[in-house]
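Those sequence lines, one after another, are chains R and Z.
Residue numbers are given in the UniProt record's numbering: position 79 of the first sequence equals residue 79, and the series is strictly consecutive.
Residue numbers are given in the UniProt record's numbering: position 26 of the second sequence equals residue 26, and the series is strictly consecutive.
Backbone N, C-alpha and C fix where the C-beta goes; we use that ideal spot for every residue, glycine too.
These notes are about the structure you will find just below.
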Amino acid sequence: MTYRQDFDVHPPLDYEGYKSTALRHPKQPLIALPHAFTEITGPLLGEGRLGRLDHDLTRQHDAEPLGQRIIVHGRVLDSDGRPVPQTLLEIWQANASGRYQHVVDNWPAPLDPNFTGLGRTLTDSDGRYRFTTIKPGAYPWKNHYNAWRPAHIHFSLFGRAFTQRLVTQMYFPDDPLFPYDPIFNSVPDEKARQRMISRFDLESTQPDWALAFEFDIVLRGREATPFESEVDDE
Amino acid sequence: MTTPSQTVGPYLAIGLTWADGAFVAPAGTPGGFWIRGRLTDGNGDAVPDGLIETWQADPSGRFDHPDDPRGAAAPSIDGFRGFGRSATDADGEWGVYTFKPGRVPGVDGDLQAPHIDVSVFARGMLQRVVTRIYFADEPSNESDAVLASVPSAARATLLAQPSDDGYRFDIRLQGDGETAFFAL
């Protein structure tokens, strides 16, 4: 068994528009790593990693955070369309004014004492997940003159194999900052970029309470090409 | 079509650090050791906003995972997780507390030398990069097919060197002594 590569989808390691890549990408060609036992397995991290309110970022403090409550939900699938069950999702994000709860983030937007911006959950047996949180704000960064990041939520996923590990960002529909953001536009293919944008989901909104956005995440699929000689010949 | 990768950004410590992240095996388990290293960029400067993740077999060369073609095996050490996660500090230093993995079969059924798969994430990296830790004092390195596929000039970058409390494995993202990285 191996996991299918998806060369056309991911951004290059060296991308001129995103300046910080310049000194942080290998210049030597990458060497092909065959998918053997270490690569087709991976950490299966379960309930033990979850705190009671990790899935609801609006209830982790004494009072409610400021901002617009949203439900973010979707499915984790592999590229063969199979759900990825019981896999850990980790998210982190800025608050409603676009500021992170982090010592290095010091742009003059208010911090919210009732919002940390950290969430975790597991997918269910059908690959479904769900968070309640606050819609993050856009924020400026120093990449170029008048640079602003579109609102986004960072997602981290393990899948079930080392090869399926993915860190990505979820964006919101119709953000006017998309054309100007080098991180979003580092993904070369338009259709692939669309896969990072969540969908407004009226059906899942909660009346008088929260908006809802649906975001499906697709990890690498499996190819059933068996090892040349399965296991060793003991 | 898969979902594209994006950078972890500078604030990954909010979402990707755990109090027990560094412990591939429980703290203080006898026989364990530290693998420590420094993550540096093309200027040789520390990367203070990086994250190292490791994945490995247990000392008997097994994984507690159903997709191991030999079947899932309970770890030979209580509480062994196989997985380590360490953010880099202001000096780019990281570390995981672990055990030397046993030998596991490669794609041709040959036994590989003990190795640990490594993912490197950081602000400024749109995708993780992947490398492998081998152990400099391990005789089976001589016959390892993956090591043999690495250009000889770069092979030494994959060898963790014995140190005071375990091994040292520096990772250079670019330039002189650039670590050998793999395509998965």
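CB contact below 8 Å: residue 99 of chain R versus chain Z: For the purposes of this step, residue 99 of chain R is taken as the residue at position 99 of the first sequence. Output row for residue 99 of chain R: interface = no.
Of the residues R/91, R/178 and R/133, the one placed nearest residue 17 of chain Z, counting alpha carbons only: In the second sequence, the residue the question calls residue 17 of chain Z occupies position 17. Ranking the options by Cα distance to residue 17 of chain Z, first place goes to R/91.
Rounded straight-line distance, which links the Cα of residue 134 of chain R to that of residue 189 of chain Z: Because chain Z in this structure spans residues 1 to 184, residue 189 of chain Z falls outside the shown range and cannot be described.
Local Cβ density within 10 Å of residue 113 of chain Z, reported as buried at 16 or more and exposed below that: The residue given as residue 113 of chain Z occupies position 113 in the second sequence. Buried is the call here.
Inter-residue spacing [alpha-carbon to alpha-carbon] between residue 54 of chain R and residue 13 of chain Z: By one-based count along the first sequence, residue 54 of chain R stands at place 54. By one-based count along the second sequence, residue 13 of chain Z stands at place 13. For residue 54 of chain R and residue 13 of chain Z, the distance between alpha carbons rounds to 16 Å.
Straight-line gap, residue 221 of chain R to residue 10 of chain R (C-alpha atoms, nearest Å): Along the first sequence, read from residue 1 onward, the residue named residue 221 of chain R stands at position 221. Along the first sequence, read from residue 1 onward, the residue named residue 10 of chain R stands at position 10. Answer to the nearest angstrom: the Cα atoms are 15 Å apart.
Nearest neighbour of residue 56 of chain Z, chosen from R/47, R/200 and R/162 [CA to CA]: Here residue 56 of chain Z refers to the residue found at position 56 when the second sequence is read from its first residue. Residue 56 of chain Z has its Cα closest to that of R/162, out of R/47, R/200 and R/162.
Sufficient close CB pairs (3 or more, under 8 Å) joining the region 22-36 of chain R to the region 204-213 of chain R: no
The region 115-123 of chain R in contact with the region 137-149 of chain R per 3-pair CB rule at 8 Å: no
Close beta carbons around residue 128 of chain R, own chain, < 6 Å, minus the five adjacent residues each side: Against the first sequence, residue 128 of chain R aligns to sequence position 128. Result list for residue 128 of chain R: 75, in chain order.
Residue 230 of chain R versus residue 109 of chain Z: straight-line alpha-carbon distance, rounded: Translated into the one-based positions of the first sequence, residue 230 of chain R becomes position 230. Translated into the one-based positions of the second sequence, residue 109 of chain Z becomes position 109. Below a pLDDT of 50, predicted positions are generally treated as unreliable, and residue 230 of chain R, at 43, falls in that range; the measurement from the model is reported next regardless. Cα to Cα, the separation comes out at about 7 Å.
Where the beta strand (DSSP E) through residue 281 of chain R begins and ends: With chain R covering only 1 through 234, there is no way to say anything about residue 281 of chain R.
Pairwise C-alpha distance: residue 146 of chain Z and residue 152 of chain Z: In the second sequence, the residue the question calls residue 152 of chain Z occupies position 152. In the second sequence, the residue the question calls residue 146 of chain Z occupies position 146. In a straight line, the C-alpha of residue 152 of chain Z is about 12 Å away from that of residue 146 of chain Z.
Exposure label - residue 202 of chain R; buried when at least 16 CB within 10 Å: As a working mapping, residue 202 of chain R is identified with position 202 in the first sequence. That one is exposed.
Length of the line joining the Cα atoms of residue 217 of chain R and residue 159 of chain Z: The residue given as residue 217 of chain R occupies position 217 in the first sequence. The residue given as residue 159 of chain Z occupies position 159 in the second sequence. About 36 Å.
Alpha-carbon to alpha-carbon, residue 174 of chain R and residue 23 of chain Z: Against the second sequence, residue 23 of chain Z aligns to sequence position 23. Against the first sequence, residue 174 of chain R aligns to sequence position 174. Looking at the two C-alpha atoms, the distance is approximately 42 Å.
Pair within 8 Å by beta-carbon distance, residue 211 of chain R and residue 68 of chain R: Residue numbering aside, residue 211 of chain R sits at position 211 when the first sequence is read from its first letter. Residue numbering aside, residue 68 of chain R sits at position 68 when the first sequence is read from its first letter. Cβ distance < 8 Å, so residue 211 of chain R and residue 68 of chain R count as in contact.
Residue 90 of chain R at chain Z interface by Cβ criterion, 8 Å: Along the first sequence, one-based indexing puts residue 90 of chain R at 90. Interface residue, yes.
CB of residue 137 of chain Z within 8 Å of CB of residue 162 of chain Z, strictly: Your numbering for residue 137 of chain Z matches position 137 in the second sequence. Your numbering for residue 162 of chain Z matches position 162 in the second sequence. In this structure, residue 137 of chain Z places its C-beta atom within 8 Å of the C-beta atom of residue 162 of chain Z.
Cβ-based neighbour list, residue 223 of chain R, same chain, cut-off 6 Å, excluding 5 preceding and 5 following: As a working mapping, residue 223 of chain R is identified with position 223 in the first sequence. 2 and 4.
Length-filtered (4 minimum) alpha helix (DSSP H) runs lying within the region 151-207 of chain R: Taking only runs of at least 4 residues, the alpha helix (DSSP H) segments lying wholly in the region 151-207 of chain R are 182-185 and 190-194.
Sufficient close CB pairs (3 or more, under 8 Å) joining the region 64-82 of chain Z to the region 125-142 of chain Z: Under the Cβ criterion (8 Å, minimum of three pairs), the region 64-82 of chain Z does not count as touching the region 125-142 of chain Z.
Minimum Cβ-Cβ distance from residue 151 of chain R to chain Z less than 8 Å: Translated into the one-based positions of the first sequence, residue 151 of chain R becomes position 151. No, residue 151 of chain R lies away from the interface with chain Z (no Cβ there is under 8 Å from its Cβ).
CA-to-CA distance, residue 46 of chain R to residue 232 of chain R, given in whole angstroms: If you number the first sequence from 1, residue 232 of chain R lands on position 232. If you number the first sequence from 1, residue 46 of chain R lands on position 46. Bear in mind that a pLDDT of 41 at residue 232 of chain R, under 50, signals an unreliable position, so the number given afterwards is only what the model happens to contain. Taking the straight line from one Cα to the other gives about 31 Å.
Extent of the continuous alpha helix (DSSP H) run through residue 38 of chain R: Residue numbering aside, residue 38 of chain R sits at position 38 when the first sequence is read from its first letter. 37-40 is the extent of the alpha helix (DSSP H) around residue 38 of chain R.
Beta-carbon proximity list for residue 138 of chain R, same chain, < 7 Å, skipping 5 on both sides: The residue you call residue 138 of chain R lines up with position 138 of the first sequence. Excluding residues within five positions, the ones whose Cβ falls inside 7 Å are 98, 148, 149, 150, 151 and 177.
Residue-chain proximity (residue 213 of chain R, chain Z), Cβ-Cβ < 8 Å: As a first step, residue 213 of chain R must be located in the first sequence, where it is residue number 213. For residue 213 of chain R, the answer is no, since every Cβ of chain Z falls outside 8 Å of its Cβ.
Pairwise C-alpha distance: residue 89 of chain R and residue 71 of chain R: Counted from its first residue, the first sequence places residue 71 of chain R at position 71. Counted from its first residue, the first sequence places residue 89 of chain R at position 89. The straight-line gap from Cα to Cα measures roughly 15 Å.
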